[in-house]
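Those letters in the sequence shown? Residues 8 to 104, per my numbering, in order. What follows is one structure encoded as structure tokens, with my remarks underneath.
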Amino acid sequence: MLNITDVRVRLVKKEDSKLKAVASITIDGSFVVHEIRVIEGANGCFVAMPSRKTPDGEFKDTAHPIDTPTREFVDKTVLEAYEKAVKEAPAEAPEAE
Numbered sequence: 008m009l010n011i012t013d014v015r016v017r018l019v020k021k022e023d024s025k026l027k028a029v030a031s032i033t034i035d036g037s038f039v040v041h042e043i044r045v046i047e048g049a050n051g052c053f054v055a056m057p058s059r060k061t062p063d064g065e066f067k068d069t070a071h072p073i074d075t076p077t078r079e080f081v082d083k084t085v086l087e088a089y090e091k092a093v094k095e096a097p098a099e100a101p102e103a104e
């Protein structure tokens, strides 16, 4: 099984954006995958792996797990780190009038 040794999450605070965070995972302390996105969907947040847009407008993953158990493990690990980051984020001060 994959050994994720570090997860870093950067929350995205942009109103009306379905993009909630961008994460990086480190595998075995020696390989990192950046630009993993946490996106708000109709059924809650989900993980989108790094991708690029092809000339015909289609998005293709540039890095992704190749089997279901690994994909589920990456998704679970990133979403747990995202939820922790949200809970630990300082509350925003109200705007001055």
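Cβ coordinates follow ideal geometry from the N, Cα and C atoms, glycine included.
Own chain residues within Cβ distance below 8 Å of E104, not counting five before or after: Low confidence applies to E104: its pLDDT is 49, below 50, so where it sits in the model is not reliable, and the reading given next is rough at best. Closer than 8 Å at Cβ, skipping near neighbours: no residue.
Spatial distance of V14 from E95 (CA atoms): 15 Å
Beta carbon of E42 nearer than 8 Å to that of V54: no
Cut-off 6 Å between Cβ atoms - residues of its own chain near T33, not counting five sequence neighbours on either side: T12, D13 and V39
Coarse secondary structure for E104, derived from DSSP in three states: The predicted position of E104 is uncertain, since its pLDDT is 49 and thus under 50; no value can be drawn from it.
Selection from S24, A88 and F66 that minimises the alpha carbon distance to E47: S24
Whole-Å CB distance - P57 paired with D74, under 8 Å assumed: Not confirmed; about 18 Å, so no contact.
Environment of R17 [buried if 16+ CB atoms lie within 10 Å]: exposed
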